[in-house]
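Taking it in order: structure first as structure tokens, then the write-up.
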Amino acid sequence: MSLRVKGLSVERAGRTILHQTDLTIGVGERIALVGPSGSGKSTLGHALTDRLGGQSGVVALVSQSPDEALDPLRTLSFHWREAERALGLPADSERQLELLSALGLSNAELTTRPWRWSRGMQQRFVIAMALIGAPELLILDEPTSALDPVIAAATMELVDRHLAASSTAMLLITHDLGLAAKQAERILVLDAGGIVEDAPTAKLIAQPASSAAQALVAHRNWAVLPC
Amino acid sequence: MLRVEALSVVRGGRRVVDGVDLALAPGRTLAVIGESGAGKSTLIGAILGLLRPQSGHVAWNGEDLRAVNPSLVMQEPRAAFNPALSLRRSIMEPVRARRLKLPEGRLNRLCTGLELDPDLLDRKPHEVSIGQAQRLGILRALIAGSPLVLFDEPLSALDAVTQKHTANLIAALQSEEGFAALVVTHDLGYAAAHADEVVILRNGRIEEAASAETFFRAPQTDYGCALCEAALALGALERAA
Numbered sequence: 032m033s034l035r036v037k038g039l040s041v042e043r044a045g046r047t048i049l050h051q052t053d054l055t056i057g058v059g060e061r062i063a064l065v066g067p068s069g070s071g072k073s074t075l076g077h078a079l080t081d082r083l084g085g086q087s088g089v090v091a092l093v094s095q096s097p098d099e100a101l102d103p104l105r106t107l108s109f110h111w112r113e114a115e116r117a118l119g120l121p122a123d124s125e126r127q128l129e130l131l132s133a134l135g136l137s138n139a140e141l142t143t144r145p146w147r148w149s150r151g152m153q154q155r156f157v158i159a160m161a162l163i164g165a166p167e168l169l170i171l172d173e174p175t176s177a178l179d180p181v182i183a184a185a186t187m188e189l190v191d192r193h194l195a196a197s198s199t200a201m202l203l204i205t206h207d208l209g210l211a212a213k214q215a216e217r218i219l220v221l222d223a224g225g226i227v228e229d230a231p232t233a234k235l236i237a238q239p240a241s242s243a244a245q246a247l248v249a250h251r252n253w254a255v256l257p258c
Numbered sequence: 006m007l008r009v010e011a012l013s014v015v016r017g018g019r020r021v022v023d024g025v026d027l028a029l030a031p032g033r034t035l036a037v038i039g040e041s042g043a044g045k046s047t048l049i050g051a052i053l054g055l056l057r058p059q060s061g062h063v064a065w066n067g068e069d070l071r072a073v074n075p076s077l078v079m080q081e082p083r084a085a086f087n088p089a090l091s092l093r094r095s096i097m098e099p100v101r102a103r104r105l106k107l108p109e110g111r112l113n114r115l116c117t118g119l120e121l122d123p124d125l126l127d128r129k130p131h132e133v134s135i136g137q138a139q140r141l142g143i144l145r146a147l148i149a150g151s152p153l154v155l156f157d158e159p160l161s162a163l164d165a166v167t168q169k170h171t172a173n174l175i176a177a178l179q180s181e182e183g184f185a186a187l188v189v190t191h192d193l194g195y196a197a198a199h200a201d202e203v204v205i206l207r208n209g210r211i212e213e214a215a216s217a218e219t220f221f222r223a224p225q226t227d228y229g230c231a232l233c234e235a236a237l238a239l240g241a242l243e244r245a246a
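Protein chains in written order, with this note's numbering: chain A, 32 to 258; chain B, 6 to 246.
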């Protein structure tokens with residue numbers, strides 16, 4: 032069943048950060064939310080997580096930096112167990128192996144602390160943890176912007192592959208329409224706290240209607256290689 | 006012309022920069038591409054003389070580079086300014102320190118080129134947007150007319166649209182002012198759009214060096230190819246249809 036949210040809005044210090052927003056996300060749909068810095072993208076991601084109930088297992092959110100998700104003093108297996116507990120799930124080593132393998136971490140040693148791992152490994156671990164409850168929606172908030180390009184591309188490919196084989200939908204939050212166009216079939220454009228455009232990726236790239244989308248389309252790549 | 010010869014820097018017993026050779030002519034842009042830990046920022050520190058190299062040589066037209074006062078644009082735009090001072094005071098610091106007399110109207114001309122309202126100069130760093138702060142950092146690097154400007158990941162704090170806009174403004178000013186630009190970045194897309202020469206740095210060593218045209222037509226190393234494929238997969242670059 033698709034996820035429906037109505038009248039999502041956020042105010043802070045008397046200022047509207049996110050205007051009344053309605054959103055429908057289909058089963059397994061791959062959506063990107065794009066917009067400039069300060070347009071309210073992360074606010075929408077957090078508000079959506081709150082509304083859908085982060086603890087219920089319906090939605091999981093992964094932030095830009097794994098530092099925000101991992102306690103440097105706790106082992107990785109502790110984090111995993113905590114995530115299972117928060118969802119009310121029993122420890123399941125088969126599920127753990129399956130998810131870690133999906134994110135390219137099958138041989139990783141979980142008795143260590145996160146800082147012994149590279150950032151790329153940490154971020155993939157956080158994404159694997161987010162998938163423990165097989166959420167209906169995985170929100171990835173700039174999941175690769177703290178990673179080097181080769182690691183970032185490999186991470187997105189692993190996420191792609193896993194999502195293609197599951198019914199989990201994705202909301203990718205990014206300032207980069209180039210990345211969004213590679214990963215999503217539908218794109219939402221956020222400008223000054225409001226969704227100004229919602230279109231299939233190919234249509235948005237070919238015919239951006241709003242000025243925000245037109246700016247994003249005009250600057251979506253750095254260059255076109257001849258071959 | 007900048008010449009860097011066999012430059013090596015050892016830190017904590019590890020060769021962080023290992024035998025690097027570079028050359029960069031006025032008006033040209035050299036992109037030094039590498040991932041975290043490749044030695045990019047250490048290389049900048051060593052070129053500027055902020056770090057003592059273990060061996061090697063850095064010169065501008067055969068002379069000590071420090072004589073021409075190269076300038077630096079830093080990665081974190083707001084953190085690059087003293088938070089207690091007005092932006093004008095920070096920006097004019099290189100002029101004051103060297104007791105230079107600026108040509109009439111230079112500050113305003115650079116502000117126009119960087120699309121900065123001169124009124125912003127009277128604000129503090131936290132009172133401007135991050136995109137404005139980055140352009141103000143570029144203004145500070147250019148104000149004294151240095152023939153060599155080093156950029157350390159100058160666009161990484163900016164969003165995708167602002168990155169491209171800022172890079173275009175830098176390129177336009179470079180063709181007017183004629184400075185040599187050495188840009189370290191992990192973004193191959195920037196290099197494809199704006200660099201004349203590309204150097205791929207890995208584990209402190211030069212893995213590949215070529216003109217941008219040659220490199221992007223056919224990278225010669227596996228790592229160069231992997232970087233290109235990643236930039237294509239992430240949508241920073243597109244292939245012609």
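Ideal placement from N, C-alpha and C gives every residue a C-beta, glycine not left out.
Contacts with chain B at 9 Å (Cβ-Cβ) include H250/A. Ranked by Cα distance from A117/A, the first of A200/A, I170/A, S87/A and L64/A is S87/A. Under the three-state reduction of DSSP output, M187/A falls in the helix class.
Residue burial annotation: S242/A is exposed, with fewer than 16 other C-beta atoms found within 10 angstroms of its C-beta. T199/A carries a coil assignment under DSSP once its states are collapsed to helix, strand and coil. Taking 9 Å as the Cβ-Cβ cut-off, the region 104 to 125 of chain A has no residue approaching chain B. Closest by C-alpha distance to L208/A, out of G224/A, A237/A and H193/A, is A237/A. Contact note: H191/B reaches chain A through D179 and P180, using a C-beta cutoff of 7 Å and chain order.
In this chain, the alpha helix (DSSP H) harbouring I148/B covers I135 to I148.
Between V63/B and L70/B, the CB-CB gap stays under 9 Å.
Per the Cβ contact rule, the region 116 to 131 of chain A is not in contact with the region 182 to 192 of chain A (fewer than 3 Cβ pairs under 8 Å). Taking L105/B as the centre and dropping the five residues before and after it, the same chain places the C-beta of A149 closer than 7 Å to its C-beta, in chain order. Counting along the chain, the unbroken beta strand (DSSP E) around Q51/A starts and ends at R46 to I56. Assignment of K37/A by DSSP, reduced to helix, strand and coil, places it in the strand class. Chain-ordered, the chain B residues with CB closer than 8 Å to the CB of K213/A read A238, L239 and G240. For I182/A and G151/A, the gap between their C-alpha atoms comes out near 6 Å.
Within chain A, no residue has its CB atom less than 8 Å from the CB of L125/B, the nearest being about 17 Å off. For the C-beta of L208/A, the chain B residues within less than 8 Å are, from N- to C-terminus, A165 and G240. In the structure shown, the three-state DSSP call for S137/A is coil. Closer than 7 Å at the C-beta level to chain B, one finds these residues of the region 63 to 75 of chain A: P67 and S68. Identification of residues in the region 168 to 196 of chain B having a C-beta nearer than 9 Å to some C-beta of chain A yields Q168, K169, H170, A172, H191, D192, L193, G194, Y195 and A196, given in sequence order. Interface flag for W253/A against chain B is set, since a Cβ pair is found closer than 9 Å. Measuring C-alpha to C-alpha distances from D98/A to each of R155/A, V227/A and I56/A identifies R155/A as the nearest. Straight through space, the alpha carbons of A138/B and P130/B are spaced by roughly 7 Å. Assignment of beta strand (DSSP E) within the region 51 to 108 of chain A, counting only whole runs of 3 or more residues, yields 61 to 65 and 90 to 93 in chain order. Excluding five sequence positions before and after V133/B, the CB atoms of its chain that fall closer than 6 Å to its own CB belong to L125, given in chain order.
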